[in-house]
Amino acid sequence: MDGLLYVLSGPSGVGKNTILSEVLAKRKDLTYSISATTRPPRGQEIDVVNYYFLSKEQFLAEIENDGFLEWAEIYGYYYGTPKQMVLDRLQKGEHVILDVDIQGAAQIKKNYPNAILIFLYPPSIEELKRRLLERKTDDQASIEKRLAYIDQELAAVSRYDYVVVNDRLDEACQRVESIINAEEVRVTRGYWKRLLCP
Ligand code: ADP
Ligand code: 5GP
């Protein structure tokens, strides 16, 4: 029986990575899909831990190979979800969570209608800007690119299944976990049958 595919999106700096690391520490049956990107590493980021850092040529070759579940050009770089690893894990019955932008989420929903889309929303634009600036990992040009997309990204919330406002971190983490728990026991997904004695 296939595992469930979760997608987490939200504007840069809203707290996706922070929430994912908390939730993943608790849910050992949930795997994070490491994306590929052509953007250079930022801060303490490590190849194969945070992203697969690829050259543009390598990324384009992967597109040609049909190696991505979805991919998009964002802030001047390419980002994509490696396909085989995600499909293998789902087939084994594991849940997978992706951190992708609004374009990637739309592609996933089109090709995998059962995917569960969660949008992380900031408590205010001012707080979002503050987080982006306080993170201190982005240069001025990349902060400006991210700020320019905020309105467009927030407007996409209507295409998602769930929205979680990341005001207090512990509450937002709990809400994301609640969504995962609830979707797991939706009768129509059939996943609940795993809970029965053999
Ligand atoms: P994203 O992955 O969405 O780009 P991050 O997880 O890197 O965002 O978070 C951006 C910054 O905001 C980080 O410095 C993080 O510690 C901080 N942050 C995340 N969630 C909260 C929160 N609920 N309250 C205050 N600061 C937060
Ligand atoms: P960042 O450069 O801040 O790590 O990420 C920038 C944007 O790229 C974020 O909106 C993030 O969700 C998105 N992103 C990260 N990985 C992927 C991916 O594999 N596919 C798509 N479509 N977006 C991604």
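Everything in the sequence shown is counted per my numbering, starting at 4 for the first residue and increasing by one. The beta-carbon is built from N, C-alpha and C at its ideal position, and this holds for glycine as well.
C-alpha of V10 to C-alpha of Q110: approximately 11 Å in a straight line. In the three-state reduction of the DSSP assignment, V17 falls in the coil class, being assigned neither a helical nor a strand state. The DSSP-derived three-state label of L93 is helix. Contact between D5 and G96 is confirmed by a C-beta separation of about 7 Å, below the 8 Å threshold.
Taking all protein chains in view, the Cβ of R149 is crowded by 16 or more other Cβ atoms within 10 Å, so the residue is classified as buried. Take R45, set aside five residues on each side of it, and the residues of its chain with a beta-carbon closer than 7 Å to its own are T140 and D141, in chain order. Considering only K59, A64, L90 and G70, the residue with the shortest C-alpha distance to Y81 is K59.
Taking C-beta separations shorter than 7 Å and ignoring five residues to either side along the sequence, K113 has no partners in its chain. Membership of D5 in any alpha helix (DSSP H) is not indicated, and neither H nor E is assigned to it by DSSP. The set of residues with any CB-heavy atom separation to the ligand ADP below 5 Å comprises, in chain order, S15, G16, V17, G18, K19, N20, T21, R134, R138, N169 and L172. The nearest non-hydrogen atom of the ligand 5GP is less than 6 Å from the C-beta of T84.
In the DSSP assignment, I77 falls outside any alpha helix (DSSP H) and within the unbroken beta strand (DSSP E) covering F71 to I77. Counting only residues of its own chain and dropping the five nearest sequence neighbours on each side, V51 has a CB closer than 8 Å to the CB of I37.
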